[in-house]
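Before any comments, here is the structure.
In the numbering used here, the protein residues as written are 8 to 144.
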């Protein structure tokens, strides 16, 4: 599966059998002109401790991935579209800090500077599959 494709039904079912989402805490810094910083803290249970899974994120740069207090090597776990989460515990917390890109294609978060009033406007109308362009999920 390439990173630009949507998750398949079989992949979604497998991940749903493996993990149980507890909570998401997403913080975004929208002060950049081209990129914005996105920090995602996700907590989740794993029904098969020791198993591996992933979390989706489409971002030009991931600064850090901290899984259960351990810093993971971003160059080893991030392929530009997906972050591998290895050796899960029964209860897990992952914190991901990334620079995400504003979009103008209907996918992700849009940023527009109005030439008349010179004000900046942000909006989104993305589907669930495009949330990964704004935060890890």
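C-beta atoms are modelled at their ideal positions from N, C-alpha and C, and glycine is treated no differently.
Inclusion of residue 32 and residue 44 in the CB contact set at 7 Å is not warranted, their separation being larger than that value.
The stretch 96-111 makes no contact with the stretch 11-23, as fewer than three CB pairs between them are under 8 Å. Annotation note: the stretch 40-103 contains the following uninterrupted beta strand (DSSP E) runs of length 3 or greater, listed N- to C-terminal: 42-53, 60-63, 68-74, 77-79, 89-92. Using a C-beta cut-off of 8 Å, the stretch 72-92 makes no contact with the stretch 111-122, since fewer than three inter-stretch Cβ pairs fall below that distance. C-alpha of residue 29 to C-alpha of residue 123: approximately 44 Å in a straight line.
Taking a 10 Å sphere around the C-beta of residue 99, we find 16 or more other C-beta atoms and assign the residue as buried.
A direct Cα-Cα distance of roughly 6 Å separates residue 59 from residue 92.
Looking from the CA of residue 47, the closest CA among 62, 102, 53, 63 belongs to 102. Distance check between residue 75 and each of 20, 53, 25 places 53 closest, using alpha-carbon atoms only. Between residue 65 and residue 140, the C-beta gap is smaller than 7 Å, which places the two residues in contact. Excluding residues up to 5 positions away in sequence, 104 lie with their Cβ nearer than 6 Å to the Cβ of residue 70 in the same chain.
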